[in-house]
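Novice: First the structure, which I've put down as structure tokens, then a few questions once you've had a look.
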Ligand code: NAD
Ligand code: DAU
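In my numbering, the protein residues as written are 1283 to 1621.
What follows is the structure, encoded as structure tokens:
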């Protein structure tokens, strides 16, 4: 069994590679990654010498390169994590989101059609459903909730999802799609809420909360997402969409306060800044389908997951300090400088 994992030098893809190599020692895992600002080869250092693993630096939009890789490796499955993933960056510059997230997905699926594949799995997001109101806590996203996107990022992910389903119906490509809620855990790039707040708090820098911080996200420990994708690959039904989420809704402001308390930092570091444009209010997943059909349930409670995550950022300072001292500094200045 050879699995091609795209975007495996990023946050969730790398955690997925660790999970699969540990659980299936007889599988071959080939990781394809362009190593954009969000991809970090040092993240994969612990598996680089594993004979079951191969890393290839490649853009999923590079059709010839992708075809060459398929000719070399003949993967049985593709799991597509590769994407531009940050909403704020998509507001600043949408174009690369459309290129990678939609056209790159098309290139991968064309390769699957040309060389044959047992499964193409698209890692999508709950953001394709838009948002829910705060005053109707009984509303959740199901797989039948209409696509209704807010940001260029979510629109590009929704575009890819529609294309994936179209390739299934039109060409019979054996696809599955998962739509997960917000992940947290080791190796998340410190532009996202939780690692950004941990890094800033440790450096006694302001903690920039957008607006009042009342927006709600449904947080899932990254390992639980990886377990769910593993289940879908092995037992999921072709042509199906699976929502993934752990009924763990929290307001941003409460997350930031938890981080302050865990690190012994004063809440006076919290600074309310200009809100994100088009900011989604609430995400909440109904995971009944993946639970009923595949038996999936999250294993890590938020209290344990956030403790492990904070511990990881404390123990791996050089990993994120290198990031925030490099090109990312310019992004931070552009994004938060005059906010
Ligand atoms: P990330 O930004 O940490 O990693 C993305 C990876 O993709 C990086 O290694 C980057 O180098 C690579 N990449 C980007 N463009 C590429 C290209 N053109 N060709 C090859 N590689 C390219 O993202 P993440 O948080 O790990 O998210 C992974 C996937 O999961 C994304 O598709 C995202 O939409 C989805 N998702 C993320 C979350 C979350 O909370 N982070 C939740 C649900 C779904
Ligand atoms: O729901 C799944 C999505 O979760 C994924 O598809 C995306 O790839 C992933 O980035 C994430 O999107 P969000 O926009 O929800 O995540 P982010 O960490 O950027 O922001 C979480 C919340 O925190 C959001 O309401 C905005 C707010 N926020 C974020 C940052 C970076 C702040 O208040 N301050 C900040 O500095």
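Don't be surprised by glycine CBs; every beta carbon is placed ideally from N, CA and C.
(1) Is there a Cβ from chain C that is less than 7 Å from the Cβ of residue 1496?
(2) Cα separation between residue 1552 and residue 1498?
(3) Use the C-beta contact count for residue 1520: other C-beta atoms within 10 angstroms, 16 or more gives buried, fewer gives exposed.
(4) Say yes only if the C-beta of residue 1511 is nearer than 6 Å to one or more non-hydrogen atoms of the ligand NAD, and no if none qualify.
(5) List the endpoints of the continuous beta strand (DSSP E) containing residue 1296.
(6) How do the region 1415-1435 and the region 1504-1516 stand: do at least 3 beta-carbon pairs fall below 8 Å, yes or no?
(7) Tell me the DSSP secondary structure of residue 1387 in three-state form.
(8) Given this structure, state the Cα-to-Cα distance separating residue 1386 from residue 1550, to the nearest angstrom.
(9) At a cut of 8 Å, does the region 1289-1299 reach the region 1318-1325 through at least three beta carbon pairs?
(10) Which of the three DSSP states, helix, strand or coil, is assigned to residue 1439?
(11) Taking DSSP as the reference, what is the three-state secondary structure of residue 1583?
(12) Indicate, with yes or no, if the ligand DAU has a heavy atom lying under 6 Å from the CB of residue 1551.
(13) Let me make sure I understand the geometry here. Which of 1443, 1534, 1470 has the alpha-carbon closest to that of residue 1561?
(14) Count the other C-beta atoms from every protein chain shown that fall within 10 angstroms of the C-beta of residue 1450, then say buried if there are 16 or more, exposed otherwise.
(15) Rounded to whole angstroms, what's the CA-CA distance from residue 1595 to residue 1288? Just pull it up for me.
(16) Would you kindly work out how many angstroms separate the C-alpha atoms of residue 1408 and residue 1423, rounded to a whole number?
(17) Ordered along the chain, which non-local residues of its own chain (more than five positions away) have a Cβ less than 8 Å from that of residue 1363?
(18) Which ranges does the alpha helix (DSSP H) cover as unbroken runs of at least 4 residues, wholly within the region 1501-1571, from first to last along the chain?
(19) With respect to the beta strand (DSSP E) encompassing residue 1369, which residues constitute its N-terminal and C-terminal limits?
(20) To the nearest angstrom, how far is it from the Cα of residue 1267 to the Cα of residue 1421?
(21) With DSSP as the reference, identify every bridge partner of residue 1315, one or two as the case may be.
(22) Regarding residue 1582 and the ligand NAD, is the C-beta to nearest heavy atom distance less than 6 Å?
(23) Once DSSP output is grouped into helix, strand and coil, what is the label at residue 1406?
(24) Nearest to residue 1438 by CA position, among 1410, 1607, 1531, is which residue?
(25) Considering only residues of the same chain and omitting the five flanking positions on each side of residue 1311, which have a CB-CB separation below 7 Å?
Specialist: Checking against the coordinates, here is how it stands:
(1) The chain inventory of the structure shown lacks chain C, comprising one protein chain alone.
(2) One-based indexing of the chain shown puts residue 1552 at position 270. One-based indexing of the chain shown puts residue 1498 at position 216. Distance between the alpha carbons of residue 1552 and residue 1498: 17 Å.
(3) Start at 1 with the first residue of the chain shown, and residue 1520 comes out as number 238. With fewer than 16 other Cβ atoms within 10 Å, it is exposed.
(4) Here the question's residue 1511 lines up with position 229 in the chain shown. No - the ligand NAD has no heavy atom lying nearer than 6 Å to the Cβ of residue 1511.
(5) Residue mapping note: residue 1296 aligns to position 14 of the chain shown, counting from 1. Segment 1293-1305 is the alpha helix (DSSP H) holding residue 1296; no beta strand (DSSP E) there.
(6) no
(7) As a working mapping, residue 1387 is identified with position 105 in the chain shown. DSSP places residue 1387 in helix when its eight states are reduced to three.
(8) Reading the chain shown from its first residue, position 104 is the one you call residue 1386. Reading the chain shown from its first residue, position 268 is the one you call residue 1550. Taking the straight line from one Cα to the other gives about 44 Å.
(9) yes
(10) As a position in the chain shown, residue 1439 is number 157, starting the count at 1. Three-state DSSP puts residue 1439 in a helix.
(11) As a position in the chain shown, residue 1583 is number 301, starting the count at 1. Residue 1583 falls in the coil class under three-state DSSP.
(12) Here residue 1551 corresponds to residue number 269 of the chain shown, with the count starting at 1. Outside the cutoff, so no.
(13) Translated into positions along the chain shown, residue 1561 becomes position 279. Of 1443, 1534, 1470, the residue nearest in Cα terms is 1534.
(14) Against the chain shown, residue 1450 aligns to sequence position 168. Buried, by the Cβ-count rule.
(15) Against the chain shown, residue 1595 aligns to sequence position 313. Against the chain shown, residue 1288 aligns to sequence position 6. Between residue 1595 and residue 1288, the C-alpha separation is close to 25 Å.
(16) As a working note, residue 1408 is residue 126 in the chain shown. As a working note, residue 1423 is residue 141 in the chain shown. About 8 Å.
(17) Mapped onto the chain shown, residue 1363 falls at position 81. Taken in chain order, the residues that qualify are 1287, 1288, 1289, 1290, 1292, 1294, 1295, 1298, 1405.
(18) 1504-1517, 1534-1545
(19) The residue labelled residue 1369 in the question sits at position 87 within the chain shown. Here residue 1369 belongs to no beta strand (DSSP E); instead the alpha helix (DSSP H) covers 1369-1374.
(20) No answer is possible for residue 1267: it lies beyond the span of the chain, which begins at 1283 and ends at 1621.
(21) Mapped onto the chain shown, residue 1315 falls at position 33. Partner(s): 1339.
(22) For the purposes of this step, residue 1582 is taken as the residue at position 300 of the chain shown. Incorrect: residue 1582 has no Cβ contact closer than 6 Å to the ligand NAD.
(23) The residue labelled residue 1406 in the question sits at position 124 within the chain shown. The answer is strand: DSSP assigns residue 1406 an E or B state.
(24) Counted from its first residue, the chain shown places residue 1438 at position 156. The option with the nearest alpha carbon to residue 1438 is 1410.
(25) Numbered from its first residue, the chain shown carries residue 1311 at position 29. Contacts found: 1285, 1287, 1299, 1302, 1303, 1334, 1335.
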